[in-house]
Amino acid sequence: MAESGEKSALVDCNLLVAKALVRAGIDRMFGVVGIPVTSLANRAVALGIRFIAFHNEQSAGYAASAYGYLTGRPGILLTVSGPGCVHGLAGLSNAAANAWPMVMISGSCDQKDFGRGDFQELDQIAAVKPFVKFSVKAKHINEIPNAVFSVLDHAGSGRPGGCYLDIPSDVLHQTVTESEANKLLDEAESSRKIDPIKNVTKDEIAKAISLIRKAERPLIVFGKGAAIARAESELKDLVEKTGIPFLPTPMGKGLLPDSHDLAATAARSLAIGKCDVAIVIGARLNWLLHFGEPPKWSKDVKFILIDIDEEEISLRKPYLGLIGDAKSTLKVLNKEIKDDPFCLGRSHPWIEAITNKVKENVSKMEEQLAKDVVPFNFLTPMRIIRDAIAGLGSPAPILVSEGANTMDVGRSVLVQMEPRTRLDAGTWGTMGVGLGYCIAAAVASPDRLVVAVEGDSGFGFSAMEVETLVRYQLPVVVIVFNNGGVYGGDRRCPNEITGPYKDDPAPTSFVPGAAYHVLIEAFGGKGYLVGTPEELKSALAESFSARKPAVINVTIDPYAGAESGRMQHKN
Ligand code: ADP
């Protein structure tokens, strides 16, 4: 009896990991179980963590990265050793590229057998190296609590990113007594230290304000960093106090409503081409913002960059760099700005120019959108989806968008009214993120519907995860723009169709008329096949009100849109 009593007081490593995660406030995990991490997932669930089990670590990793972005706390990916870890690299690299907080935890082979061809053997610390801010291998159970807290703290602090925790299978089998476990957890918790975020100085703020005041054509640009900082109310104050027009990056959309009077999105080229001072908040001057260089930007534009990452400021060499958290920096900036006579006002020539251009471009776009084109082009179904989403009001659904034309057209047509309600291919242009992002969004915001608008190619990367949607009964409606391939139909010139395999389908082609809606029905979800405005409206109305997993397979003209969407010059 005494012996079994003592045994029951033992804590195995799986349980210790779960306990450490719970202490750190983790309540969700994504992953694929198998050797040697199945017990770890079970222990986590037993302690109250919701474990979302996927078919593929790639999708689970995308989910963990997006969960980190949506919640501001590291998303956790659990994988098996070797190949599981390698599949998970997709998620880690996506977190790194997007600067999203995420931690991958992988089991690894037995330490004593490493180098001898053990089951799923891999030097996983070396494999993750290019994609992580920090990684650690726990070589003994005693190291677990410290290792868990360290990866979480590194992932979430400073510029967020991916971190990695490696736990060999022999360590997973080690045990400590319950009192030892508690002692290890207490010690590790009390030694946690997160570097404080640097605060901007009064002098830097004064310089920024003076520059903004003197500007004739100022512009505020904000992105994912402002979103993760939850800086929306400070952004609103800044925009409304100064009257400066704003331009969100694709995922910055919604931090202020797209319908705001000062939204310059529909006048993007004018706004960035002519502004003389740009206050860029939590957005990198990378390819998405044309590197902040001519010809898209004026050569004389003065950038004020607000970013949490000192290296980002050093890299871009702006006119003025403010290192700090977007929310707290804007708070100080707003406090120091005296509104009168600062506000530009509606009759200011710059505001008039932007407003007029917005009106002109919006009315041109609306003219195109108003047409009911059948077989569907991209615009007609997008308008119908936009209107159906608008009809839902608040809380607005989280929109997931990927695909070449589908994402490009969707970015201009679909409207974002609330913060962090848009997830797309992001900094890396990662295709195949859709289903993972949908699952993360549904898990992170149970009160919101999730609507994915994606190309058939993007959908296909992880289409099996529709089973995951059904299994967890997540309120996700996936709308597949089905044009039969990557970019749609075969666009090759006749002289490109030669050689012994010329009769194979084009590299861009899929099976025409693929019945993606039937795929979800195989698992008990709801599928719709639509090809007309009436059919689409009815499918949207039914699936949005049902709030159950659904796939709407929308037949699109295979020759609508363009190869590579708007990035043909790079293909
Ligand atoms: P987008 O794709 O929307 O342009 P990026 O991912 O390129 O955005 O840039 C986000 C930037 O935000 C990164 O440079 C990152 O360092 C920064 N960032 C992350 N968190 C914060 C924060 N809390 N405050 C300010 N900047 C942040």
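Residue 1759 in our numbering is what sits at position 307 of the sequence shown, and the numbering runs on without skipping anything.
Beta carbons: idealized from backbone N, C-alpha and C, even for Gly.
Original post:
So, helix, strand or coil for residue 1946, using DSSP?
Top reply: The sequence position of residue 1946 within the sequence shown is 494, counting from 1. Here residue 1946 sits in helix by DSSP.
Original post:
Just to confirm, are residue 1866 and residue 1851 a CB contact at a threshold of 8 Å?
Top reply: The residue labelled residue 1866 in the question sits at position 414 within the sequence shown. The residue labelled residue 1851 in the question sits at position 399 within the sequence shown. Cβ atoms of residue 1866 and residue 1851: closer than 8 Å.
Subject >> Contact under 8 Å by Cβ, residue 1577 with residue 1622 >> reply: On the sequence shown, position 125 is the one that residue 1577 refers to. On the sequence shown, position 170 is the one that residue 1622 refers to. No, the Cβ-Cβ distance between residue 1577 and residue 1622 is not below 8 Å.
**OP:** Could you name the residues of the same chain whose beta carbon sits closer than 6 Å to that of residue 1928, not counting the 5 residues immediately before and after it, in chain order?
**Re:** For the purposes of this step, residue 1928 is taken as the residue at position 476 of the sequence shown. 1890, 1894, 1902, 1921 and 2001, listed in sequence order.
Subject >> Collapsed DSSP secondary structure at residue 1475 in the structure displayed >> reply: Numbered from 1 along the sequence shown, position 23 holds the residue referred to as residue 1475. Residue 1475: helix per DSSP, three-state reduction.
Subject >> Straight-line gap, residue 1829 to residue 1480 (C-alpha atoms, nearest Å) >> reply: As a working note, residue 1829 is residue 377 in the sequence shown. As a working note, residue 1480 is residue 28 in the sequence shown. Taking the straight line from one Cα to the other gives about 39 Å.
Original post:
To the nearest angstrom, how far is it from the Cα of residue 1588 to the Cα of residue 1926?
Top reply: The sequence position of residue 1588 within the sequence shown is 136, counting from 1. The sequence position of residue 1926 within the sequence shown is 474, counting from 1. Between residue 1588 and residue 1926, the C-alpha separation is close to 34 Å.
**OP:** Pick out whichever of 1564, 1940 and 1882 has its Cα sitting closest to the Cα of residue 1914.
**Re:** Your numbering for residue 1914 matches position 462 in the sequence shown. Checking every option, the nearest Cα to that of residue 1914 belongs to 1882.
Subject >> residue 1615 burial status per 10 Å Cβ neighbour count (16 or more: buried) >> reply: Position 163 of the sequence shown, counted from the start, is the residue given in the question as residue 1615. So residue 1615 ends up on the buried side.
**OP:** Specify the secondary structure class of residue 1481 as computed by DSSP and reduced to three states.
**Re:** Within the sequence shown, numbered from 1, the residue matching residue 1481 stands at position 29. Residue 1481: strand per DSSP, three-state reduction.
**OP:** Could you tell me how far apart the beta carbons of residue 1546 and residue 1970 are, in whole angstroms, since I believe they sit closer than 8 Å?
**Re:** Residue numbering aside, residue 1546 sits at position 94 when the sequence shown is read from its first letter. Residue numbering aside, residue 1970 sits at position 518 when the sequence shown is read from its first letter. Going by Cβ atoms, the distance from residue 1546 to residue 1970 rounds to 29 Å, so no, they are not a contact pair.
Original post:
Does the segment 1826-1842 come close enough to the segment 1677-1696 to have 3 or more Cβ pairs within less than 8 Å?
Top reply: no
Subject >> Beta-carbon gap between residue 1583 and residue 1548 smaller than 8 Å >> reply: Here residue 1583 corresponds to residue number 131 of the sequence shown, with the count starting at 1. Here residue 1548 corresponds to residue number 96 of the sequence shown, with the count starting at 1. Cβ distance < 8 Å, so residue 1583 and residue 1548 count as in contact.
Subject >> Assigned secondary structure, residue 1453 (DSSP; H/G/I helix, E/B strand, else coil) >> reply: Within the sequence shown, residue 1453 is the residue found at index 1, counting from 1. Because residue 1453 carries a pLDDT of 37, less than 50, the predicted location of this residue cannot be relied on, and the following value inherits that uncertainty. Note: residue 1453 maps to coil in three-state DSSP.
**OP:** Please classify residue 1727: is it buried, with 16 or more other beta-carbons within 10 angstroms of its beta-carbon, or exposed?
**Re:** Counted from its first residue, the sequence shown places residue 1727 at position 275. Residue 1727 comes out buried.
Original post:
Which value, in whole angstroms, describes the spacing of the CA atoms of residue 1554 and residue 1949?
Top reply: One-based indexing of the sequence shown puts residue 1554 at position 102. One-based indexing of the sequence shown puts residue 1949 at position 497. In a straight line, the C-alpha of residue 1554 is about 45 Å away from that of residue 1949.
Original post:
Beta-carbon separation of residue 1755 and residue 1707 under 8 Å?
Top reply: Counted from its first residue, the sequence shown places residue 1755 at position 303. Counted from its first residue, the sequence shown places residue 1707 at position 255. No; because the gap between Cβ atoms is not below 8 Å, this pair is not in contact.
Original post:
Are residue 1782 and residue 1690 close, meaning C-beta to C-beta below 8 Å?
Top reply: In the sequence shown, the residue the question calls residue 1782 occupies position 330. In the sequence shown, the residue the question calls residue 1690 occupies position 238. In this structure, residue 1690 lies closer than 8 Å to residue 1782 by Cβ.
Original post:
According to DSSP, is residue 1458 helix, strand or coil?
Top reply: Translated into positions along the sequence shown, residue 1458 becomes position 6. Here residue 1458 scores only 49 on pLDDT, less than 50, and its place in the model should not be relied on; the value that follows carries that caveat. Three-state result, residue 1458: helix.
**OP:** Kindly indicate the opening and closing residues of the beta strand (DSSP E) around residue 1556.
**Re:** For this step, residue 1556 is matched to residue 104 along the sequence shown. 1554-1560 is the extent of the beta strand (DSSP E) around residue 1556.
Subject >> Check: residue 1641 C-beta below 7 Å from any heavy atom of ligand 1 >> reply: For this step, residue 1641 is matched to residue 189 along the sequence shown. Checking the Cβ of residue 1641 against ligand 1 gives no.
Original post:
Among the residues of its own chain, which have a CB less than 7 Å from the CB of residue 1455, if the five just before and after it don't count?
Top reply: Here residue 1455 is taken as the residue at index 3 of the sequence shown, counted from 1. Since pLDDT at residue 1455 reaches only 43, below the 50 mark, its modelled position is unreliable, and no value is offered.
Original post:
Going by C-alpha distance, which of 1465, 1541 and 1827 is nearest residue 1632?
Top reply: Looking up residue 1632 in the sequence shown gives position 180. Nearest C-alpha to residue 1632: 1465.
Original post:
Hey, how far is the Cα of residue 2012 from the Cα of residue 1940?
Top reply: Position 560 of the sequence shown holds residue 2012. Position 488 of the sequence shown holds residue 1940. Looking at the two C-alpha atoms, the distance is approximately 8 Å.
Subject >> 3 or more residues per run - each beta strand (DSSP E) lying fully within the segment 1641-1677 >> reply: 1670-1674
**OP:** Decide if residue 1808 is buried, meaning its Cβ has at least 16 other Cβ atoms within 10 Å, or exposed.
**Re:** Numbered from its first residue, the sequence shown carries residue 1808 at position 356. Exposed, since its Cβ has fewer than 16 Cβ neighbours within 10 Å.
Original post:
How would you label residue 1880, buried or exposed, when you count the other beta carbons within 10 angstroms and need 16 or more for buried?
Top reply: As a working mapping, residue 1880 is identified with position 428 in the sequence shown. Exposed is the call here.
Original post:
Just to confirm, does residue 1703 get its C-beta within under 7 Å of one of the non-hydrogen atoms of ligand 1?
Top reply: Counted from its first residue, the sequence shown places residue 1703 at position 251. Within the cutoff, so yes.
**OP:** Within the same chain, show all residues whose beta-carbon is closer than 7 Å to that of residue 1720, passing over the 5 residues directly before and after it, in chain order.
**Re:** Counted from its first residue, the sequence shown places residue 1720 at position 268. If we look at residue 1720 and ignore the five residues flanking it on each side, its Cβ neighbours are 1699.
Original post:
Cβ of residue 1879 within 7 Å of any heavy atom in ligand 1?
Top reply: Within the sequence shown, numbered from 1, the residue matching residue 1879 stands at position 427. For ligand 1, at least one heavy atom lies less than 7 Å from the Cβ of residue 1879.
Original post:
residue 2006 to residue 1839, Cα distance in whole Å?
Top reply: Working through the sequence shown from its first residue, we reach residue 2006 at position 554. Working through the sequence shown from its first residue, we reach residue 1839 at position 387. Cα to Cα, the separation comes out at about 16 Å.
Subject >> ligand 1 heavy atom lying under 7 Å from the CB of residue 1677 >> reply: Mapped onto the sequence shown, residue 1677 falls at position 225. Because some heavy atom of ligand 1 lies under 7 Å away, the Cβ of residue 1677 counts as near it: yes.
**OP:** Tell me, please, which residues DSSP counts as bridged to residue 2007.
**Re:** Locating residue 2007 in the sequence shown gives position 555, counting from the first residue. In DSSP, residue 2007 forms a bridge with 1934.
Subject >> Local conformation of residue 1771 per DSSP, three classes >> reply: Walking along the sequence shown from the start, residue 1771 turns up at place 319. Coil at residue 1771, not helix or strand.
Original post:
residue 1629: buried (16+ other C-beta within 10 angstroms of its C-beta) or exposed?
Top reply: Within the sequence shown, residue 1629 is the residue found at index 177, counting from 1. So residue 1629 ends up on the exposed side.
Original post:
Are three or more beta carbon pairs between the segment 1732-1745 and the segment 1668-1685 nearer than 8 Å?
Top reply: yes
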